[in-house]
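Data first, discussion second: the structure below is written as structure tokens.
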Amino acid sequence: MRRLAVILTCVLGGAALLGGAAEAHANYVRSNPASDARLVKAPSEIRIEFSEPPDPKGSEIQVLDTNGVRHDKRDAGLSGDPNGLRVSVDPIPDGGYLVAWTATSAVDGHTTKGNFAFVVGNGPLPPVPEVAEAAPPPSLLEIAGRALSYAGIALGLGTAFFVLFVAPSGIDPRRESWLLSVAGALIVAGSLALVADQGPKLPPRLGVMLAVRAFAGLVLAAVSVTPRLALMRPVVAIAGGGVMTIGPLATFRPRRMIALAAGIAAAMTATLVSHATALGSIKSMAFDFVHVLSVSVWTGGVVALLWCVLLVRRDDTAEDARALGAVVWRFSVTAMIATALLITAGVLQAFDRLVLINDLYETPYGVALAVKIVLVLVALAIGAFNLLRWGPRLRAGIRARTALVRDTVAETGIFVVIIVAASVLTAFAPPAQPSASAYDQTQHVGDLRLEMLVASGGAGRNTYVLRVHQGLAPVSGAEKVAFRFTMVEHDMGQQELVAMERAAGEYVAEGSPTAMYGTWKIQTVVRLAGKEDVSTVFTVPVSAPTGGGTTTSQVLTVGRYTMIVFTDPATPQSGAPVTLYAVLIGADGNPVVGKQLRATFSGPSSQAPIDSTENAATLGPGRYKFDIAGLDAGTWKVTLAVGNEGTGAYSLVVSR
Amino acid sequence: MSRVLAAVATLAIVASSFAFASNIALGHERRSVGPYSFVVGWINEPAYVNAANGLSLDVTETSSSKPVEGLATTLKAEVIVGGGAKTLSLDLATDEETPGHYAGSFIPTKVGDYIFHVFGDVGSTKVDERFESGPKTFDGVVSTDPLQFPDKVPANADLAARLDSIQTGVIAGIVIAALALLVSVGGLAMRRR
Numbered sequence: 001m002r003r004l005a006v007i008l009t010c011v012l013g014g015a016a017l018l019g020g021a022a023e024a025h026a027n028y029v030r031s032n033p034a035s036d037a038r039l040v041k042a043p044s045e046i047r048i049e050f051s052e053p054p055d056p057k058g059s060e061i062q063v064l065d066t067n068g069v070r071h072d073k074r075d076a077g078l079s080g081d082p083n084g085l086r087v088s089v090d091p092i093p094d095g096g097y098l099v100a101w102t103a104t105s106a107v108d109g110h111t112t113k114g115n116f117a118f119v120v121g122n123g124p125l126p127p128v129p130e131v132a133e134a135a136p137p138p139s140l141l142e143i144a145g146r147a148l149s150y151a152g153i154a155l156g157l158g159t160a161f162f163v164l165f166v167a168p169s170g171i172d173p174r175r176e177s178w179l180l181s182v183a184g185a186l187i188v189a190g191s192l193a194l195v196a197d198q199g200p201k202l203p204p205r206l207g208v209m210l211a212v213r214a215f216a217g218l219v220l221a222a223v224s225v226t227p228r229l230a231l232m233r234p235v236v237a238i239a240g241g242g243v244m245t246i247g248p249l250a251t252f253r254p255r256r257m258i259a260l261a262a263g264i265a266a267a268m269t270a271t272l273v274s275h276a277t278a279l280g281s282i283k284s285m286a287f288d289f290v291h292v293l294s295v296s297v298w299t300g301g302v303v304a305l306l307w308c309v310l311l312v313r314r315d316d317t318a319e320d321a322r323a324l325g326a327v328v329w330r331f332s333v334t335a336m337i338a339t340a341l342l343i344t345a346g347v348l349q350a351f352d353r354l355v356l357i358n359d360l361y362e363t364p365y366g367v368a369l370a371v372k373i374v375l376v377l378v379a380l381a382i383g384a385f386n387l388l389r390w391g392p393r394l395r396a397g398i399r400a401r402t403a404l405v406r407d408t409v410a411e412t413g414i415f416v417v418i419i420v421a422a423s424v425l426t427a428f429a430p431p432a433q434p435s436a437s438a439y440d441q442t443q444h445v446g447d448l449r450l451e452m453l454v455a456s457g458g459a460g461r462n463t464y465v466l467r468v469h470q471g472l473a474p475v476s477g478a479e480k481v482a483f484r485f486t487m488v489e490h491d492m493g494q495q496e497l498v499a500m501e502r503a504a505g506e507y508v509a510e511g512s513p514t515a516m517y518g519t520w521k522i523q524t525v526v527r528l529a530g531k532e533d534v535s536t537v538f539t540v541p542v543s544a545p546t547g548g549g550t551t552t553s554q555v556l557t558v559g560r561y562t563m564i565v566f567t568d569p570a571t572p573q574s575g576a577p578v579t580l581y582a583v584l585i586g587a588d589g590n591p592v593v594g595k596q597l598r599a600t601f602s603g604p605s606s607q608a609p610i611d612s613t614e615n616a617a618t619l620g621p622g623r624y625k626f627d628i629a630g631l632d633a634g635t636w637k638v639t640l641a642v643g644n645e646g647t648g649a650y651s652l653v654v655s656r
Numbered sequence: 657m658s659r660v661l662a663a664v665a666t667l668a669i670v671a672s673s674f675a676f677a678s679n680i681a682l683g684h685e686r687r688s689v690g691p692y693s694f695v696v697g698w699i700n701e702p703a704y705v706n707a708a709n710g711l712s713l714d715v716t717e718t719s720s721s722k723p724v725e726g727l728a729t730t731l732k733a734e735v736i737v738g739g740g741a742k743t744l745s746l747d748l749a750t751d752e753e754t755p756g757h758y759a760g761s762f763i764p765t766k767v768g769d770y771i772f773h774v775f776g777d778v779g780s781t782k783v784d785e786r787f788e789s790g791p792k793t794f795d796g797v798v799s800t801d802p803l804q805f806p807d808k809v810p811a812n813a814d815l816a817a818r819l820d821s822i823q824t825g826v827i828a829g830i831v832i833a834a835l836a837l838l839v840s841v842g843g844l845a846m847r848r849r
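Residue numbers (the numbering used here), protein chains in the order written: chain A, 1 to 656; chain B, 657 to 849.
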């Protein structure tokens with residue numbers, strides 16, 4: 001018993017430590033203006049898109065100048081974009097601005113914080129300060145609330161399933177009712193704790209889910225009372241019997257079916273406030289639901305087996321022992337099916353949520369998952385021991401109940417720790433998060449985890465981000481982080497961009513090294529003080545203008561030429577620079593060089609005509625470029641003229 | 657007409673000599689340090705891993721292009737990999753046939769970037785410069801794999817990685833064997849009870 005207490009203390013301590021390194025849930029995905037954007041015109045609003053739906057009640061967007069003065073209109077609300085928030089901005093002069101955002105997930109109520117900078121005009125970008133608690137760790141109240149809820153769901157669902165499908169006839173209804181009432185109380189207490197933890201910022205959707213869960217708990221508690229009421233039936237009958245209406249509930253089967261339904265409903269609420277639901281994937285939600293159901297049938301069933309059968313039945317005679325052995329065998333088969341489903345669903349979920357196998361020890365989510373896996377393996381080992389050691393003895397009519405009780409108590413203790421680990425696990429964001437980048441790949445090199453993000457999939461100016469982590473911590477203060485670009489299909493030489501550290505462990509470079517479409521190799525070099533360089537290569541496809549990398553490419557017929565027109569970025573944003581490319585192809589299919597192209601604009605505001613520039617060496621033959629400082633939001637008609645030989649119209653949509 | 661041809665030929669020779677002179681610095685980094693010009697690169701280019709090579713340093717007066725001699729004792733050089741993970745001091749040797757040229761030999765054993773740190777005095781000018789390989793300066797050390805024929809010889813680093821991998825496998829095997837032994841002993845003990 002003392003040993004068990006030590007194990008419990010260690011794991012709970014570890015879980016508490018893990019809580020200090022929690023990661024975000026509603027993560028920043030993209031924004032308009034984009035992070036580090038340079039605008040020619042001040043924006044009238046800031047729009048941010050997150051990885052999960054935010055709740056406006058607990059969310060905020062502040063627009064601050066370099067003196068810390070706010071310039072937003074404090075009207076942050078849903079933007080209408082998927083998972084988006086917006087805030088209006090007062091008219092602001094040229095200069096650097098910081099956008100500080102706080103987002104509360106509408107799904108699980110977790111809060112995340114972050115900030116990014118943009119500049120209006122030609123000034124420098126303001127420094128982006130570190131956010132002290134970008135993802136505040138889960139509170140003890142939250143972990144307690146989750147643990148109580150999960151324990152209640154497992155106990156209620158597992159008990160109902162056990163007494164319906166596994167237990168022998170004639171078990172003591174009071175013991176069954178006691179378990180169901182404890183399950184109901186745990187669910188209600190857990191739901192109340194989670195509501196109390198959220199306080200006034202409780203997102204309505206989460207509130208509804210917790211209310212449904214608490215109601216399911218009350219139903220479990222109510223059905224546990226009915227046997228006692230059934231005992232009063234003679235009294236009630238004499239009194240004229242209004243309570244007789246609950247007569248059917250006093251019989252076992254309907255009552256157990258209601259308990260099972262309540263347990264399943266409570267389990268469903270656990271899935272509906274999970275990461276799987278936040279990501280909006282039906283497949284992930286199905287895996288999560290199967291995971292919750294199977295773990296409940298297994299763990300709750302073990303407790304029900306212990307409390308309702310093992311502690312009550314005797315094995316004094318060979319016949320009693322064989323009867324007990326038969327129950328243990330029936331439950332073992334159920335548990336094996338449940339654990340098979342549990343492991344299958346868990347592994348399939350892990351494929352979706354982990355990026356590398358190293359995530360198991362290099363991310364908080366992975367560490368919590370690894371702890372949970374180890375605990376499950378320990379519980380499985382105990383279960384297997386019971387099945388292979390004590391089960392056959394009982395079925396052979398040999399006494400083994402005492403040993404079986406001892407091992408099942410230990411298994412139950414492990415389950416308690418698993419539930420606490422699961423409560424901590426669900427408070428972390430999985431490593432695989434949605435990204436707005438066209439390219440997002442992770443490699444593990446040496447002892448570093450390198451995540452490469454390339455903002456756009458098209459040729460031309462781009463932003464390259466390398467996130468460097470060592471173990472659980474971001475690697476700050478690298479002496480040098482460089483990106484070296486070489487093209488696979490053509491010898492374009494090697495170009496280098498040296499990245500600057502934008503945030504802890506996040507190194508950013510901007511430039512136009514990938515001038516042509518094709519396959520590019522980006523060699524990353526990370527130099528840390530006192531260590532050898534860590535280098536690896538990411539192979540990045542750069543899309544052709546007619547390919548999938550851009551959404552704005554259009555094919556025009558201009559006189560005797562075919563013109564392919566596209567923009568970089570593919571989805572221009574208002575006020576931000578945009579480059580318009582036109583590839584001119586002759587009737588023979590070859591690029592046409594040496595022409596003078598002019599773009600004239602008609603749209604939401606006035607824009608002076610722009611003449612093209614041509615540089616076959618850097619842009620490729622027949623490719624003409626128009627540098628546009630910035631356009632207002634709306635639909636623009638761009639008329640492209642090739643000298644006096646003809647014109648074509650290109651439709652360009654600029655987003656807000 | 658012959659005078660014109662002679663003049664053109666002379667110009668061509670002069671031009672080609674410039675071209676020849678500029679080739680010396682091909683793949684090298686040229687940098688002004690006070691009144692002097694430093695040209696730094698590899699002795700042999702491309703620089704192949706595990707092949708004898710070293711620092712090639714030329715020092716001239718920027719104003720007159722006159723080579724600066726006698727720096728082998730006043731200048732020091734070292735080669736650095738990574739962020740100072742390993743550093744090797746180089747003995748600068750002079751070349752009597754090429755005044756102002758200094759070389760520090762070593763065999764680079766890793767593919768990647770190298771940094772040459774040159775420090776000391778040139779006359780009254782203090783020197784403390786780091787020359788780092790890269791696309792804009794001089795190339796880093798490259799693998800010999802593309803040149804190997806008919807059989808590829810595994811690099812030392814690859815062999816070391818394979819040995820590490822085998823060692824990990826052996827350790828895992830020992831652990832599994834130990835666990836299996838424990839389970840077997842436990843099973844036997846329980847059967848005897």
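Glycine residues also receive a C-beta, built at the ideal position from the N, C-alpha and C atoms.
Beta-carbon within less than 7 Å of residue i's beta-carbon, same chain only, minus the 5 sequence neighbours each way: which residues are those?
{"i": "A/V662", "result": "Outside the shown range of chain A, which is 1 to 656, sits residue 662 of chain A, and nothing can be said about it."}
{"i": "A/T102", "result": "S59, E60, T111, K113"}
With distance defined between alpha-carbon atoms, name the residue in the options nearest to residue i.
{"i": "A/G80", "options": "A/A503, A/R353, A/R47", "result": "A/R47"}
{"i": "A/A326", "options": "A/A167, A/K480, A/V182, A/M516", "result": "A/A167"}
{"i": "A/N358", "options": "A/G446, A/A318, A/T408", "result": "A/G446"}
{"i": "A/L293", "options": "A/P129, A/P93, A/S612, A/Y150", "result": "A/Y150"}
{"i": "A/P53", "options": "A/K41, A/G280, A/G575, A/V303", "result": "A/G280"}
{"i": "A/P203", "options": "A/D55, A/V347, A/S181, A/V409", "result": "A/D55"}
{"i": "A/A276", "options": "A/F351, A/W298, A/V534", "result": "A/F351"}
{"i": "A/L180", "options": "A/Y624, A/L631, A/P254, A/A259", "result": "A/A259"}
{"i": "A/V195", "options": "A/L210, A/W520, A/V526", "result": "A/L210"}
{"i": "A/D632", "options": "A/A616, A/T600, A/P577, A/I282", "result": "A/P577"}
{"i": "A/V182", "options": "A/G158, A/L164, A/S169", "result": "A/G158"}
Between residue i and the rest of its own chain, which residues show a CB-CB distance below 6 Å, the 5 nearest in sequence each way excluded?
{"i": "A/G622", "result": "V583, L584, P591, V592, V593"}
{"i": "A/L387", "result": "S332"}
Answer yes or no: do residue i and residue j have a C-beta to C-beta separation smaller than 8 Å?
{"i": "A/R221", "j": "A/L148", "result": "First, the residue type needs correcting, since residue 221 of chain A is Ala and not Arg in the sequence shown. For A/A221 and A/L148, no; Cβs fall outside 8 Å."}
{"i": "A/L70", "j": "A/L78", "result": "In the sequence under discussion, the amino acid at residue 70 of chain A is Arg, which differs from the Leu named in the question. Cβ atoms of A/R70 and A/L78: not closer than 8 Å."}
{"i": "A/Q596", "j": "A/G643", "result": "yes"}
{"i": "A/A400", "j": "A/W390", "result": "yes"}
{"i": "A/V355", "j": "A/T442", "result": "yes"}
Report yes or no: is there a C-beta of chain B within less than 8 Å of the C-beta of residue i?
{"i": "A/L528", "result": "yes"}
{"i": "A/Q664", "result": "The shown model of chain A, from 1 to 656, leaves out residue 664 of chain A, and the question about it has no answer."}
{"i": "A/V684", "result": "Outside the displayed range of chain A (1 to 656) lies residue 684 of chain A, so it cannot be described from this structure."}
{"i": "A/G96", "result": "no"}
{"i": "A/R395", "result": "no"}
{"i": "A/D491", "result": "no"}
Given residue i, which residues of its chain have a CB within under 8 Å of its CB, disregarding the five upstream and five downstream residues?
{"i": "A/S437", "result": "L453, V454, A455, V465"}
{"i": "A/A649", "result": "L556, K637, V638, T639, L640"}
{"i": "A/L348", "result": "F287"}
Return the bridge partner residues of residue i from the DSSP annotation.
{"i": "A/A599", "result": "A/I610, A/L640"}
{"i": "A/Q443", "result": "A/L450"}
{"i": "A/F415", "result": "Answer by DSSP bridge pairing: none, since A/F415 is not bridged."}
{"i": "B/H757", "result": "B/D714"}
{"i": "A/V593", "result": "Its beta-bridge partners do not exist; DSSP assigns none."}
{"i": "B/E701", "result": "Note: B/E701 sits in no beta bridge, so no partner."}
{"i": "A/N32", "result": "A/R47"}
Using 8 Å as the limit for Cβ to Cβ distance, is residue i near chain A?
{"i": "B/I669", "result": "The pLDDT assigned to B/I669 is 42, lower than 50, so where the model puts this residue is not dependable, and the model offers no usable value."}
{"i": "B/A833", "result": "no"}
{"i": "B/V797", "result": "no"}
Let me check you understand the geometry: is the CB of residue i closer than 7 Å to at least one non-hydrogen atom of the ligand COA?
{"i": "A/T647", "result": "Inclusion of the ligand COA in the displayed structure is not the case, the ligand content being empty and no account of it being possible."}
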